[in-house]
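Trainee:
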Amino acid sequence: VKKEGEWKVLIMDHPSTRILSSCCKMSDIMDKGITLVEDIDKCREPIPSLEAIYLLSPVEKSVQALISDFQGSPTNYKAAHVFFITCPEPLFKELKKSRISKAIKTLKEINLAFLPYESQVYSLDRPQTFHIWFSPYRFWEKNKELEMLAEQIATLCETLEEYPAIRYWKDGKDNFHLAHAVLAKLKVFKVHEPSMGEGPDKAQSQLLIVDRSFDLVSPLLHELTYQAMAYDLLGIENDTYKYETTGTSDSREKEALLDEDDELWVQLRHMHIADVSMGRDLTTASLQANIEDLSQMVRNLPQYQKELNKYSTHLNLAEQCMRHFKGSAEKLCGVEQDLAMGTDMYGGTIKDPMKIIIPILLDPSVQAYDKIRIILLHILKNGNATGLPRSPCLPPLPSHTPSLLPLTPSPFLPQSGQLQPKRKVRLESTYQLSRWTPRLKDVMEVPGHLAHPSAWHSLSEPLVSTLPLSPPSTYFGHWHKNKPAAENPMGLRLLIYVLGGVSMSEMRCAYEVTQASEGKWEVVIGEWGESCGEGGWNAQVGDSRDPLGGEDPRTAGPAPTGHPCHPLSSRTWGAWEQMRLPHLPAAPHGLYLATRSPGLWLPRTILAQGPCVGAQ
1 VKKEGEWKVL IMDHPSTRIL SSCCKMSDIM DKGITLVEDI DKCREPIPSL EAIYLLSPVE
61 KSVQALISDF QGSPTNYKAA HVFFITCPEP LFKELKKSRI SKAIKTLKEI NLAFLPYESQ
121 VYSLDRPQTF HIWFSPYRFW EKNKELEMLA EQIATLCETL EEYPAIRYWK DGKDNFHLAH
181 AVLAKLKVFK VHEPSMGEGP DKAQSQLLIV DRSFDLVSPL LHELTYQAMA YDLLGIENDT
241 YKYETTGTSD SREKEALLDE DDELWVQLRH MHIADVSMGR DLTTASLQAN IEDLSQMVRN
301 LPQYQKELNK YSTHLNLAEQ CMRHFKGSAE KLCGVEQDLA MGTDMYGGTI KDPMKIIIPI
361 LLDPSVQAYD KIRIILLHIL KNGNATGLPR SPCLPPLPSH TPSLLPLTPS PFLPQSGQLQ
421 PKRKVRLEST YQLSRWTPRL KDVMEVPGHL AHPSAWHSLS EPLVSTLPLS PPSTYFGHWH
481 KNKPAAENPM GLRLLIYVLG GVSMSEMRCA YEVTQASEGK WEVVIGEWGE SCGEGGWNAQ
541 VGDSRDPLGG EDPRTAGPAP TGHPCHPLSS RTWGAWEQMR LPHLPAAPHG LYLATRSPGL
601 WLPRTILAQG PCVGAQ
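Letter 92 of the sequence shown, counting from 1, is numbered 92 in the UniProt record's numbering, and no numbers are missing.
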C-alpha cells in the first residue's frame, strides 16, 4: 500500500502492537511511509487528509472501533487498508455489511498470530490460557481456547513456510486434541497455499507438541547460565535491566534493554556464569581496561558511548548475578542437582535425601519459595512427601501471603512418581552445579529419530517434496527484528510447542542443538504465555483477579460447591493454583502452591502455615 511520497497513519490494537514491536523498530516503520502510530483503543484526532493502515486482532472491540472511524462525515481518515493477524469468516461478513466497506481499499489476513520473542523462541502471548486450561472454574472455555492455540501454531508454520509432520507426547489427552486441531488448521492453509511445505529439507520438518508433565524438573532448578540467572535472581521485567551507577558525586538509575540488538548479550546469554565471570570479555581487569580505553575514545568520538554503556551494563549484571549466587543460590544448587539426578557429584546414589534437604529447610536465610523448589523435587522423586518436617520447623510466611488452594491430584504429574525415564548418557564435562540436562534436549538432538519413539504418537507424515534438491533456504532463517537472514543457514526444522510454558534452560538447548548440528536442523521452541523472559509470569503474579473472569477473590462470593475458597493476596494468585500432587493428605493446611519462580516459568511456590506437611 506504500506509494512514493505518500504518508499514512498506522493504527493498531494491543496484540498487534506486541507482534509488530517484536519484529521491527519504529525507524523501520517510518521508513515505510508511516508518519504517525496510534492505538485504536484511545481517543484519536481525525486526520481526514491521510489514509490509515489498520493492523488488528480479530476481536469485537477492535472491529467496532474500526467501523466507528468511518461512520461520521467527514470520516476520521481518507481510506482504510485493513490487515488482520487472523480473520474468521464471520468477521469478513460483518465488515462487508457495514458502511466501512466503501472506505476499505485493502482487506487482508496476514496469518501472524504469535510473537517472535527471540530468533529461535516464539510465544503465543496468551497468558490467560494457563488459567483456562487448568482451573476447574473455567473448563467451559477450554475448547474455544484450544481452537485459538491451534490457529496460532498454524500461523507459525505458515510464516515459516512449513507443513510439518505432527508428533505429540502420548501422556495427556490435551496433546492429542491440540495436535488434531493444528492439523485441521494446517490443511485449510494448505488448500489456499499449495506450495506450503514444499522445498528441500522441508519434507523432514516436524512439529512436536508436549505438555509440561514431560519434564517437571527443569523449571524448578536454578539455572546457572547468564540469561537464566539474570531473569531468575534479579527479577528482570519486560527485558529491561534496571541498575544504579555510582559516580564521583552521586548515583543514578539506568536501564538497559536485553535483546538481540545487543551483540554482547547474544554472545554471553547462554554461557555458564563461571565462564562469563572468568572469560576474557567480562573479567574485571580486562573489562576495566576496555572501559578506560573506551572512555578515552568517547571523549574523541561520541559514537563509542553506546558500546561503553553495553560493557558497563554487562559488568554490573554479571556482578549482581554472582552476588546473589554467593548469597543463597549456591547452597541450593548442589541440593537441587543431587535430587534431580538422584546421584551426588561423584556419581554416588543419594540414599537418604533428608540429610541434604533438612539443612535447607531449617536455614532462615533461604527464601520460602526456594525451599518449595526443594520440597517439590523431593516429591517428584519419591511420589510423596514422606519424611518432610512439620511446618513449625519452617519460617512463617510473609504477612501478605495467605493460604492458597490445597494440592490435589494433578494432570501435570506422572502418577508413578518417577522423576524421569531412562535418559541419554552424557559424557561431556560440565560444572558440578549444572549436571542436569532438560529432557527436551534428548529429543532435539535426534529430530529424525525421536528419543523414546513409543512415547510419541504420529498424527501426520511430512510431505514428500517434488522440488529438486538445492542448498538450504535462509530466507526465513531469522524472523526476529531486522537481522540478516544469511546469519542463520538452516536445514530441516524441529518446531516444539510446550503446553505449560518453557524454561530458559530449554530455550538455551534449542540454540545449542542448532549450533551443534552445523546447519542440518534448526530447533524453534515456544509456549502459550507472554514472551519468555519478558515478565510473562510476573504479569500473572501481579494479577489479583479470580480466573473466573475478573472478580477480586478477596471480595468475591463463595467458590462453587466442592472447591475450597481461600482469600488470595494480590501478589500470590497465579496460574498453577490447582497443580496437584499424588499421595498428599487432604488436609485444610499443608503444602500449597502460589505463583512463579522468577524467570523459570514455573509459578512461585510458598509454604502455607499449618500443622504438618505430609504427616499421616
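Even glycine gets a Cβ: it sits at the ideal position worked out from N, Cα and C. Predicted model, so just to flag it, every value in this text is computed and none were measured.
#1: Grouping DSSP H, G and I as helix and E and B as strand, with all else coil, what is R252?
#2: I'd like to check one pair, E158 with S205: are the Cβ atoms closer than 8 Å?
#3: Please work out which residues of its chain come closer than 7 Å, Cβ to Cβ, to C509, disregarding the five sequence neighbours upstream and downstream, and give them in chain order.
#4: Since E223 is in the alpha helix (DSSP H), which residue starts that stretch and which ends it?
#5: Helix or strand or just coil, what does DSSP make of D171?
#6: With 16 other CB atoms within 10 Å as the buried threshold, where does F325 fall?
#7: Kindly indicate which three-state DSSP category S458 falls into: helix, strand or coil?
#8: Starting from K242 and walking both ways along the beta strand (DSSP E), at which residues does that stretch end?
#9: To the nearest angstrom, how far is it from the Cα of residue 626 to the Cα of D344?
#10: From which residue to which residue does the alpha helix (DSSP H) around T430 run?
#11: Quick check on the DSSP output: what are the complete beta strand (DSSP E) runs of length 3 or more inside the segment 73–121, in order along the chain?
#12: According to DSSP, simplified to helix, strand and coil, what is V188?
#13: Given L459, which residues of its chain have a CB within under 6 Å of its CB, disregarding the five upstream and five downstream residues?
#14: Per DSSP, which one or two residues make a beta bridge with Q206?
#15: Verify whether the separation of the beta carbon atoms of W521 and L495 is less than 8 Å.
#16: How about residue 617 and Y168: are their beta carbons less than 8 Å apart?
#17: Can you name the start and end residues of the beta strand (DSSP E) that I11 belongs to?
#18: Using a Cβ-Cβ cut-off of 8 Å (strictly less than) and excluding sequence neighbours within five positions of I374, which residues of its own chain qualify?
#19: Have a look at A154, M322, G526 and flag the residue whose alpha-carbon is nearest the alpha-carbon of G501.
#20: Rounded to whole angstroms, what's the CA-CA distance from A203 to S135? Just pull it up for me.
#21: What's the call for E428, buried or exposed, on a 16-neighbour Cβ count within 10 Å?
#22: Hey, could you find the ends of the alpha helix (DSSP H) L339 is sitting in?
#23: Assign T129 to buried or exposed, taking buried as 16 or more other Cβ atoms, counted over all protein chains shown, within 10 Å of its Cβ.
#24: Would you call the CB atoms of M507 and V121 closer than 8 Å?
#25: Going by beta carbon distance, what residues of the same chain come within less than 8 Å of K3, once the five residues before and after it are set aside?
#26: Have a look at the DSSP bridge pairing and note the partners of L499.
#27: Can you pull the DSSP bridge partners for A52?
#28: So D39 is in the beta strand (DSSP E); what residue range does that whole segment cover?
#29: Can you give me the C-alpha to C-alpha distance between L216 and R269, rounded to a whole angstrom?
Mentor: So, from the listed chains and residues:
#1: strand
#2: no
#3: P438, L440, K441, M444
#4: Here E223 belongs to no alpha helix (DSSP H), and DSSP marks it neither H nor E.
#5: coil
#6: buried
#7: strand
#8: 240–246
#9: Because the chain spans 1 through 616 in this model, residue 626 falls outside it and cannot be assessed.
#10: Premise fails: T430 is in no alpha helix (DSSP H) and is neither H nor E.
#11: 80–84, 104–109, 115–118
#12: helix
#13: I166, A179, L183
#14: A165, L494
#15: no
#16: Nothing can be reported for residue 617, as the shown portion of the chain is limited to 1 through 616.
#17: 8–12
#18: L332, V335, E336, L339, I357, I360, L361
#19: G526
#20: 38 Å
#21: exposed
#22: 330–341
#23: buried
#24: yes
#25: G33
#26: D211
#27: V9, A80
#28: 34–39
#29: 23 Å
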